[in-house]
Amino acid sequence: MRFSKLAAFTVILGVTCASLAMAEDKTTINFWTWAPPAPVVDKAVAAFEKANPSIDVNVTLLESTAYQDRLPLALSSGDPVDVAAVQTSSMVKLVKDYLEPLPELYNQYGAAPIDKQLAPKALEQAKLLSGDGKLYIAPMGTLGSVVAYYNLDLMKQLGLPVPKDRAELAAFVKAVKAKRPDLVPVAFTGANWFLDEIADTIIEQGAPGWFNALRYNKSGKFDGPEFKAGFDATVSLYKDGIFGKDTLDLDYGRAVELFQQGNAVMFLQGTWEMGALSAPFRKANGIKLDNVTASPLPVIAEGGKPAIRSFIEVGLAVPKNSKHKAEAMKFVQFMTAGEGVGQWGDTLFVVPSMQGYKLPKDIFSSERSAKDYGVVADLLLNASSDRNNVSDFSNVVGDAIIKSIISGTSTDDQASYLQGEWDSGRYSNAL
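Each residue of the sequence shown is one higher than the one before, counting from 52 in our numbering.
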């Protein structure tokens, strides 16, 4: 159809006015977070904006440590934050006075009450963090530590099964050294915090619930037999050559690199590295491995059974200062119990809190990996203790482990020292 100049101008003017009207009808919400990684956040936000064309999302994504400082300051200053990702630690108590209790918002704006959307245990842990029994955060999912990752192609070449206990782990390490001395049998960072993670996992294998008894002041002790047995078992892995002392100088990034480049057969870390099992995640992140699986840490505690500590991660909250609570709640539900879960679920960085969520079958490159993931996820969701760490004290425990490995300080001496430090009131467990 041919338009006159006037008609064309009228059409252009009409389109421009319509565009301006649409722009005026749009609401922009500000989302602050530190996780998941930027490409994952961008993908989820784009999907939300497509599903909700009247809402734009402005994202502020900060590094984790910087976020710990910036978010409380932004909330206390009344900055325009509509959705805040809250770190599941003492941060919840620190910022809760600036957040809306979620059950009321879900009742007002939700598709269903929050307890019909998210897993009960995740909500219990979220309430625990607030200190007043109220619910301020909607957890995206659950993660835990420690698990073992395996390069199945190397395992097949070496003719090795996944080790289930200490004896099998010792045989595994010995076989790798004999058959492929160019490979690292077990890669992990020997940083103090992670040695504490290993020790806690081993203690839980022999004494399920020990960490909760300690963390929540229910008679858990450092100078008791459960801790001493786990501490001793951790140090003995080094003493007997199952773990190499070179891991004490291995940083996190290098340990990941060794595994992802095919130079390590086994890799120890938390479930936040579970993306290595996801074929889409490996492709998106340039990980060259083709066949990866995960398993609980081999049982090191004598007479123990597989164990893990787990806790919620990335809790989404709506600040009281938000001017767009209805739109903010749409975003929170999308990310935690709606189509948004499918946008980040294939990263496997957490097991989603969404009730009834099932991962797409094409995420895994083999039935073995899918089955093994299910075993770890089930253990994670039924963990014997919370991974509600006292981060500053984790470093103290890890340093004690390192000292015993290097200088032979006795377990009894370390247990007595750690009990005194724990009771001193100098750490965040006293909050």
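Idealized CB from N, CA, C, for every residue including glycine.
| Query | Result |
| --- | --- |
| Buried versus exposed, by CB contacts within 10 Å (16 or more), K374 | exposed |
| CA nearest to the CA of F104, picked from I80, D247 and T111 | Checking the displayed sequence, the identity of residue 104 turns out to be Pro instead of Phe. Of the candidates I80, D247 and T111, the one whose C-alpha sits nearest the C-alpha of P104 is I80. |
| Residues that DSSP places opposite V237 in a beta bridge | M317 |
| Same chain, Cβ closer than 7 angstroms to R438, neighbours up to 5 away in sequence not counted | G195, S196, R360, S361 and F362 |
| Separation of G354 from T252, as counted between CA atoms | 14 angstroms |
| Proximity to I293 [Cα-Cα], best of F239, A330 and M325 | F239 |
| Inter-residue spacing [alpha-carbon to alpha-carbon] between P232 and K207 | 16 angstroms |
| Cβ separation of L211 and F223, assumed to be a contact under 8 angstroms, to the nearest whole Å | 6 angstroms |
| Element boundaries [beta strand (DSSP E), containing W83] | T78 to T84 |
| Counted within 10 angstroms of its Cβ, other Cβ atoms place A377 as buried (16 or more) or exposed | exposed |
| Buried versus exposed call for K356 [16 or more other C-beta atoms within 10 Å across all chains shown] | exposed |
| Identity of the residues DSSP links to D120 by a beta bridge | DSSP output for D120 lists no bridge partner at all. |
| Alpha helix (DSSP H) segment containing G391, residue limits | G391 to W395 |
| Beta strand (DSSP E) runs contained entirely in the segment 404-433, provided each spans 3 or more residues | none |
| Bridge partner(s) assigned by DSSP for I363 | T193 |
| Per DSSP, cross-strand counterpart(s) of L150 | P370 |
| Same chain only: Cβ atoms within 7 angstroms of E308, ignoring 5 sequence neighbours per side | none |
| The segment 435-452 / the segment 247-266 touching (three or more Cβ pairs under 8 angstroms) | yes |
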